[in-house]
Amino acid sequence: MPLRILTVPCRTDNYAFVLHDDVTRRTALIDAPEVEPVMEVLSGHGWHLSDLLITHHHGDHVEGVEEFHRIYGCRVIGARADQHRLPPLDIAVDISDVEAVCGEEVHVIDVPGHTVGHIAYYMPGAQALFSGDSLMAMGCGRLFEGTPAQMWDSLKRLRALPPETMVYSGHEYTAANMRFALSLEPDNPALISRAQEIGDARAAGQPTVPSTLSLEIATNPFLRSDDPDLAAALDMSGAAPVDVFAKVRSLKDNF
């Protein structure tokens, strides 16, 4: 069976992701916003947590790390460069490292912007990207520590992955992100179509995460900062993509 990936709602709008491989019988968790909802999933399936991967240091992504480590003795994996402000790590990874988790290769990708030590995890065999608060459905994270140039470079790095990649991002912000995108391009048919899909999913109580990278490339304004149509909508035709990105990020921060 292929790797199973379960989306687990946590806190107000966070997501954690539980991964399980039936062959190796190993189970991993991407970020630990909260203990109880994840424990319900693990206990309900009879799974023992073997690995816990951290994308960045913010409290709403690491709150449960030490408790899970205490209960399961799982390996805790995170960025060596950010080790000084993460929970204690068993494996400190560097950019471009490849680890084995749940029988899959996991590639570590540098994605500074939201924080300077943010990393993403890409599993090519499972066609899965765990992007934390870097690339989000219809959005990207606020620049709490990094620069527009850093975040734009990070997004281009993720955009270059295969388009069929599924993007597992850390929050249910998609409807709000879509309202912002439509404020920039209210007549964009791709946005109008996706807005309907998002509205239907949320009305049914369904998550909008994960999404496909191809869909993000087509509709996410932050990934489209080098799209002439978006630049024209902002009266920035001919501007450098990083400047368009900075403008979009500034507008979103004040939306």
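Just so you know, we're using full-length UniProt numbering here: the sequence shown kicks off at 1 and counts up by one.
Where is the CB? At the ideal position from N, CA and C, for every residue including glycine.
**Prompt:** Using the C-alpha atoms, what's the distance from Gly205 back to His48?
**Reply:** So the alpha carbons of these two residues sit roughly 28 Å apart.
**Between the CA atoms of Leu213 and His57 - distance to the nearest angstrom** = The C-alpha of Leu213 is placed about 25 Å away from the C-alpha of His57.
**Prompt:** For the stretch 120-130 against the stretch 182-201, are there 3 or more C-beta pairs whose distance is under 8 Å?
**Reply:** Counting C-beta pairs with one atom in each stretch, the stretch 120-130 and the stretch 182-201 have fewer than three that are closer than 8 Å, which means they do not touch.
**Prompt:** If you check the beta carbons only, do Tyr168 and Ile30 fall under 8 Å apart?
**Reply:** A distance below 8 Å separates the beta carbons of Tyr168 and Ile30.
**Message:** Going by DSSP in three states, Pro9 sits in which element: helix, strand or coil?
**Reply:** It is a strand residue.
**Message:** Let me see if you follow: with CB-CB separation under 8 Å, is Leu158 close to chain C or not?
**Reply:** Absent here is chain C; the protein component of the structure consists of one chain.
**Request:** Count the other C-beta atoms from every protein chain shown that fall within 10 angstroms of the C-beta of Gly45, then say buried if there are 16 or more, exposed otherwise.
**Result:** Reading off the sequence, residue 45 comes out as His, not Gly. That one is exposed.
**Asked** When the Cα atoms are used, what is the spatial distance from Pro189 to Leu89?
**Response** Roughly 46 Å between the two C-alpha positions.
**Residues that His107 bridges to, as DSSP identifies them** = Residue pairing from DSSP places His107 in a beta bridge opposite Val98 and Tyr122.
**Item:** Sub-8 Å separation of Pro148 and Phe245 beta-carbons
**Value:** Yes, Cβ-Cβ distance for Pro148 and Phe245 is below 8 Å.
**Request:** Could you tell me which residues DSSP pairs with Asn14 in its beta bridges?
**Result:** Partner(s): Cys10 and His171.
**Message:** Using the Cβ count rule (16 or more neighbours within 10 Å means buried), how would you classify Ile95?
**Reply:** Exposed, by the Cβ-count rule.
**Prompt:** To which residues of the same chain is Glu145 closer than 7 Å at the C-beta, ignoring the five residues directly before and after it?
**Reply:** Spatial neighbours of Glu145 in its own chain (CB-CB distance under 7 Å, excluding positions within 5 residues in sequence) are listed in chain order as Thr115 and Val116.
**Message:** Could you pull the DSSP bridge partners for Phe130 from this structure?
**Reply:** For Phe130, which the question treats as bridged, DSSP gives the partners Tyr121 and Tyr168.
**Prompt:** How many Å lie between Val108 and Leu158 at the Cα?
**Reply:** Answer to the nearest angstrom: the Cα atoms are 11 Å apart.
**Request:** Taking only the alpha-carbon atoms, compute the straight-line gap between His221 and Val106 and give it to the nearest angstrom.
**Result:** Note that residue 221 corresponds to Pro in the displayed sequence, not to His. Inter-residue distance for Pro221 and Val106 is about 28 Å (C-alpha atoms, whole angstroms).
**Request:** Check whether the Cβ atoms of Leu42 and Cys74 sit closer than 8 Å, and answer yes or no.
**Result:** It is not a contact, given that the beta carbons lie outside the stated cut-off.
**Message:** Using only the alpha-carbon positions, how far apart do Glu185 and His69 sit?
**Reply:** About 46 Å.
**Asked** Which whole-angstrom value describes the C-beta separation of Gly103 and Gly141, a residue pair presumed to lie in contact below a C-beta threshold of 8 Å?
**Response** The Cβ separation is near 30 Å, so there is no contact.
**CB of Val93 within 8 Å of CB of Ile77, strictly** = Ile77 is positioned such that its CB atom lies closer than 8 Å to that of Val93.
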